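Visitor: I'd like to ask some things about the structure below.
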Amino acid sequence: LLHQVGGACAYLHSLGMMHLDIKPENIEVSGVLSETPTFYLFDFGYATMDRTSSNHMKGTLRYLSPEVMFLKRGEKSGTYDCAMDVWALGI
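Written out as structure tokens, the structure reads:
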């Protein structure tokens with residue numbers, strides 16, 4: 001799972017795109033009974049190109065990185081970047 005979804009994230013990031021809502025509900029599996037299931041990343045509703053400056057939270061609360069949690073509490077403004085996807089994938 002990490003190899004395939006991580007590869008999808010790396011590909012998106014190479015295009016300058018960020019998913020911003022990686023969570024189990026947005027990962028589909030095909031071939032569950034086979035020796036090599038395939039995992040798909042979907043639901044690009046929060047996805048954005050390049051770095052995005054925002055004072056608004058994007059994503060699902062449980063999978064937000066610490067930087068985004070600060071935005072939610074209004075402690076600072078910040079920039080969304082690919083690190084947010086990496087954090088969510090690790091959770």
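The numbering of the sequence shown is full-length UniProt numbering, which starts it at 1 and goes up by one.
Built from N, CA and C at the ideal position, the CB exists for glycine as well.
Keep in mind the model is a prediction, meaning the values are calculated, not measured.
Roughly how many angstroms lie between the CA atoms of C9 and M18, to the nearest whole one?
Guide: Taking the straight line joining both Cα atoms gives about 8 Å.
Visitor: Out of curiosity, what's the CA-to-CA distance linking C82 and L33?
Guide: The alpha-carbon atoms of C82 and L33 are separated by roughly 32 Å.
Visitor: So, under 8 Å CB-CB, T48 and Y80 are touching, yes? Tell me the CB distance rounded to an integer number of Å.
Guide: Confirmed, Cβ separation roughly 7 Å.
Visitor: When burial is assigned at 16 or more other CB atoms within 10 Å of the CB, is M84 buried or exposed?
Guide: M84 is buried by the Cβ-count criterion.
Visitor: With L20 and G59 assumed to form a contact (beta carbons below 8 Å), what rounded beta-carbon distance in angstroms separates them?
Guide: About 5 Å; that satisfies the 8 Å criterion.
Visitor: Which residue spans inside the UniProt domain "Protein kinase" (1–91) form an unbroken beta strand (DSSP E) run of at least 3?
Guide: Runs of the beta strand (DSSP E) inside the UniProt domain "Protein kinase" (1–91): 27–30, 38–41, 52–54, 78–80.
Visitor: Residues in its own chain within less than 6 Å of K23 by CB, not counting five upstream and five downstream?
Guide: Taken in chain order, the residues that qualify are T60, Y63.
Visitor: Taking Cβ positions, are E25 and Y40 nearer each other than 8 Å?
Guide: No; because the gap between Cβ atoms is not below 8 Å, this pair is not in contact.
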